[in-house]
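Peer 1: The structure's right below; bear with me while I get my questions together.
Numbering (our numbering), first residue to last: 40 to 851.
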């Protein structure tokens with residue numbers, strides 16, 4: 040039987056510092072972020088700050104049509120502009136080398152670097168221009184004449200699946216980019232015998248990531264190799280797809296991730312603005328920069344999937360969840376990429392945080408001519424938990440059961456195994472629910488009568504703590520690797536491929552090494568996210584970095600530490616685990632003669648080992664079923680986090696305006712390695728969830744044109760709209776996490792929207808099943824309720840649409 044990685048690293052664990060000796064991990068505000076000074080002083084280098092001698096600039100030409108054939112492209116006027124150095128079309132890239140995201144699903148890669156014959160969304164890139172200045176490149180790009188043959192746009196995902204719908208990519212495919220089925224138990228029998236069954240419909244909207252930093256890249260070509268600085272969430276994945284798009288080996292491409300000004304999932308994919316500078320750099324011999332404008336980020340990067348839901352549930356009259364059936368329809372937009380995984384993830388998220396043994400779930404992701412949907416913080420969990428948690432309150436009210444009690448009665452408990460094979464470890468879901476309820480004064484919620492304009496609501500959720508899927512095909516399914524080198528001059532160097540995109544993982548890696556070696560944080564130097572100098576890491580997505588990267592980092596420092604302490608154990612006649620590293624000293628407690636400095640310890644090791652430095656290597660892999668995306672059965676992650684949230688809202692019953700007054704968040708994140716960072720993540724999640732629920736929405740006209748692609752017209756909450764937030768850490772050390780930690784980045788977004796939505800429903804006496812709940816929508820619902828007595832609003836066209844769907848295709 041093959042050895043598991045935990046067995047391989049077991050000896051290293053013998054020299055790990057004991058939790059009772061931690062001085063940094065989980066100790067509140069014991070340290071600050073290592074990038075804080077650079078950021079607050081403006082010295083941090085982002086992609087647009089990369090300024091190389093002789094820089095040229097690239098601008099892209101975008102399609103004004105949502106669906107059209109390309110007839111011709113005329114550069115004659117553009118080439119007359121002084122300072123223009125080159126032009127590109129799709130013909131300049133190798134045919135068939137389309138861009139995607141998972142290597143294992145390479146056959147699903149569907150985005151050409153530049154469109155050759157057809158455009159599938161407004162904003163599709165059809166050509167590029169290179170010039171000596173950004174202004175000249177912009178002028179020339181505007182002079183490129185592209186002749187199109189418009190085709191009918193398909194903007195509704197249900198219409199897209201119709202037999203007579205125009206084919207967006209592949210004929211006879213029902214325009215499906217992917218579909219997923221999950222089944223367990225006997226749902227037919229359970230529904231037939233259950234005391235209570237229901238069926239409801241819900242709808243969430245399309246929104247954007249709205250990261251402050253726009254997408255961009257700088258490329259240079261020297262000695263047959265490209266070096267690319269880019270706004271990426273995964274340097275190694277970017278390298279793979281850039282090399283593939285150029286038609287060259289990965290060994291000829293080096294990707295460096297500078298500081299990233301927010302990603303939230305929107306910078307996982309590879310785009311034309313990365314490939315075109317590479318081509319131009321090779322053509323001209325000059326470095327080339329391409330930074331997108333804000334409207335380009337809206338139009339031609341990625342968005343959050345709008346999802347339509349049909350949810351059926353079966354309960355006993357006492358409130359036990361027996362079975363769930365659901366259908367999810369994800370509007371995939373024009374392309375796949377990182378959006379492919381969201382389809383399966385939407386069903387995984389629907390199987391917890393509640394125990395349910397019988398499920399029948401399907402998810403379909405049809406193409407449409409909207410901008411491509413992809414990964415966004417929560418990776419479908421926000422949409423899924425909005426729908427399923429609003430539904431949970433509807434069930435509670437129908438059964439006359441306290442919504443808190445219904446959740447507690449059905450909540451997942453430690454070491455439960457789900458119906459499709461999810462293996463839960465630590466779980467503080469019940470504690471999170473109870474503490475949130477106490478903090479929001481749930482016991483006295485009746486002081487806000489239903490329909491009074493004020494109310495409280497609560498919600499629960501669960502999330503994967505480190506998706507095990509490494510995106511690329513890797514040895515042993517490895518997701519992350521780290522190298523740690525100890526220096527006799529008194530410091531350590533960490534070589535980490537982990538991609539910090541603002542969440543602070545660089546600080547966590549530094550802290551782990553400092554903690555284990557007994558050094559100060561400033562005595563640990565970090566080399567990060569460079570495919571030539573740092574080892575493999577899959578990137579920042581799926582709340583995986585602290586968990587997977589942190590485990591790899593701890594194993595690397597443990598490997599180095601074991602080598603060092605084994606040497607001194609032999610010298611001192613003891614076991615490695617008898618030796619302590621603390622305050623820059625290496626010693627045996629109570630033995631004054633066996634007490635040396637860190638510098639002396641490293642020097643002594645090198646003296647004995649012919650000058651070789653002390654270095655350790657660590658990696659981490661989720662050793663689950665590699666085929667989970669195909670079989671849809673198995674354990675998706677090594678651990679899972681759980682959250683609960685509670686909201687207090689006040690609704691102006693005359694105008695429909697919603698004020699979020701108080702918010703309580705309880706998060707089960709294991710041991711919080713950096714409490715300040717966890718609290719910051721949660722506060723950011725509340726802002727994102729508030730925007731998701733009440734503000735943000737991408738609006739299109741009937742031709743598929745984006746009507747609000749700017750921060751002026753796309754509304755989202757600011758600091759002035761934020762409520763008072765109380766954060767409650769429900770920490771139980773997880774046996775699989777680094778120093779007991781679990782995730783705190785994406786799972787914390789999942790229950791926010793439904794807590795606010797439930798509170799609004801109680802405040803108004805209505806049931807609102809569609810997002811966003813804007814003042815106008817709410818005002819119209821209140822007025823219609825006054826006139827007709829109607830109480831349920833939103834997603835009202837979905838029953839007919841779901842009933843008219845064609846059957847799922849048969850798998851080969």
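For glycine and all other residues, C-beta sits at the position ideal for the given N, C-alpha and C.
Bear in mind that the values here come from a model prediction, so they are computed numbers and not experimental data.
For residue 402, tell me which candidate among 378, 177 and 396 has the shortest Cα-Cα distance.
Peer 2: Measuring from the Cα of residue 402, the nearest candidate turns out to be 378.
Peer 1: Is it true that the CB of residue 549 sits closer than 8 Å to the CB of residue 565?
Peer 2: Result yes, Cβ atoms of residue 565 and residue 549 sit closer than 8 Å.
Peer 1: Give a yes or no on contact between the stretch 611–622 and the stretch 339–351, applying the rule of three or more CB pairs nearer than 8 Å.
Peer 2: As far as the Cβ criterion goes, the stretch 611–622 does not touch the stretch 339–351, which means the pair count is below three.
Peer 1: Do residue 284 and residue 152 count as a contact pair if the criterion is CB distance below 8 Å?
Peer 2: Contact flag set, yes.
Peer 1: Measure the alpha-carbon distance for residue 410 versus residue 747 and round it to whole angstroms.
Peer 2: The alpha-carbon atoms of residue 410 and residue 747 are separated by roughly 13 Å.
Peer 1: Would you mind working out which of 530, 179, 156 and 160 sits nearest residue 167, comparing C-alpha positions?
Peer 2: Residue 167 has its Cα closest to that of 179, out of 530, 179, 156 and 160.
Peer 1: Spatial neighbours of residue 404 within its chain, please: C-beta separation below 6 Å, excluding the five flanking residues on both sides.
Peer 2: Closer than 6 Å at the Cβ level, and outside the excluded window around residue 404, lie 216, 217, 369, 371 and 382.
Peer 1: Among 209, 108 and 124, which has the Cα closest to the Cα of residue 164?
Peer 2: If we check each option's Cα against that of residue 164, 108 comes out closest.
Peer 1: Measure the CB-CB distance between residue 855 and residue 197 and report whether it falls below 8 Å.
Peer 2: Summary: the structure shown does not reach residue 855, with the chain confined to residues 40 through 851, and so no result is reported for it.
Peer 1: Give me the Cα-Cα distance between residue 705 and residue 82, rounded to the nearest whole angstrom.
Peer 2: Distance between the alpha carbons of residue 705 and residue 82 is about 36 Å.
Peer 1: When DSSP labels each residue in this structure, what does residue 91 get in the three-state scheme?
Peer 2: Residue state, collapsed to three classes: coil.
Peer 1: Roughly how many angstroms separate the alpha carbons of residue 811 and residue 736, rounded to a whole number?
Peer 2: When rounded, the distance between both Cα atoms is 7 Å.
Peer 1: Between 547, 516, 93 and 60, which has its C-alpha nearest residue 667's C-alpha?
Peer 2: With distances taken between Cα atoms, residue 667 lies closest to 516.
Peer 1: How many Å lie between residue 605 and residue 651 at the Cα?
Peer 2: When rounded, the distance between both Cα atoms is 15 Å.
Peer 1: When DSSP labels each residue in this structure, what does residue 591 get in the three-state scheme?
Peer 2: In this structure, residue 591 counts as helix in the three-state DSSP scheme.
Peer 1: If I follow the unbroken alpha helix (DSSP H) through residue 174, where does it start and stop?
Peer 2: From DSSP, the alpha helix (DSSP H) with residue 174 extends over 173–182.
Peer 1: Does DSSP classify residue 847 as helix, strand or coil?
Peer 2: Here residue 847 sits in coil by DSSP.
Peer 1: Please classify residue 843 as buried or exposed, where buried requires at least 16 other C-beta atoms within 10 Å of its C-beta.
Peer 2: Classification for residue 843: exposed.
Peer 1: Among all the DSSP beta bridges, which residues are the ones paired with residue 147?
Peer 2: Beta-bridge pairing links residue 147 to no other residue.
Peer 1: Answer yes if the stretch 415–432 comes into contact with the stretch 242–250, meaning at least three C-beta pairs across the two stretches below 8 Å, and no otherwise.
Peer 2: Touching, yes.
Peer 1: Is the beta carbon of residue 659 less than 8 Å from the beta carbon of residue 713?
Peer 2: Not a contact, by the Cβ cut-off of 8 Å.
Peer 1: Please name the residue in 678, 561, 406 and 505 whose C-alpha comes closest to that of residue 201.
Peer 2: Residue 406 is the option with its Cα nearest to residue 201.
Peer 1: Where does residue 52 land, buried or exposed, given buried means 16+ other C-beta within 10 angstroms?
Peer 2: Under this definition residue 52 is an exposed residue.
Peer 1: At which residues does the beta strand (DSSP E) containing residue 520 begin and terminate?
Peer 2: Start and end: 517–526.
Peer 1: Taking only runs that begin and end inside the stretch 240–308, name each unbroken alpha helix (DSSP H) of 4 or more residues, in chain order.
Peer 2: For the stretch 240–308, whole alpha helix (DSSP H) runs of length 4 or above, ordered along the chain, are 274–285.
Peer 1: Could you please give the first and the last residue of the uninterrupted alpha helix (DSSP H) stretch that includes residue 544?
Peer 2: Looking at the DSSP string, the run of the alpha helix (DSSP H) that includes residue 544 is 544–556.
Peer 1: Secondary structure at residue 824, three-state DSSP: helix, strand or coil?
Peer 2: If DSSP states are grouped into helix, strand and coil, residue 824 belongs with the helices.
Peer 1: Return the first residue and the last residue of the beta strand (DSSP E) that residue 619 is part of.
Peer 2: First-last of the beta strand (DSSP E) with residue 619: 618–621.
Peer 1: Going by alpha carbons, who is nearest to residue 214 out of 304, 224, 723 and 147?
Peer 2: Ranking the options by Cα distance to residue 214, first place goes to 147.
Peer 1: What residues are listed by DSSP as bridge partners for residue 108?
Peer 2: DSSP, once it has assigned bridges, lists 157 and 188 as partnering residue 108.
Peer 1: Assign residue 653 to buried or exposed, taking buried as 16 or more other Cβ atoms, counted over all protein chains shown, within 10 Å of its Cβ.
Peer 2: Its Cβ being crowded by 16 or more others within 10 Å, residue 653 is buried.
Peer 1: Between the alpha carbons of residue 485 and residue 212, how many angstroms are there, rounded?
Peer 2: Their Cα atoms are separated by approximately 52 Å.
Peer 1: Can you find at least 3 beta carbon pairs, one from the stretch 747–764 and one from the stretch 720–735, that sit closer than 8 Å?
Peer 2: Counting Cβ pairs under 8 Å, three or more are found: they touch.
Peer 1: For residue 362 and residue 499, what's the separation of their Cα atoms in angstroms?
Peer 2: Their backbone Cα atoms lie some 18 Å apart in a straight line.
Peer 1: For residue 750, does the count of other Cβ atoms within 10 angstroms reach 16, so buried, or fall short, so exposed?
Peer 2: By the 10 Å Cβ count, residue 750 comes out exposed.
Peer 1: Spell out the partners DSSP gives residue 496 in its beta bridges.
Peer 2: DSSP output for residue 496 lists 686 as bridge partner(s).
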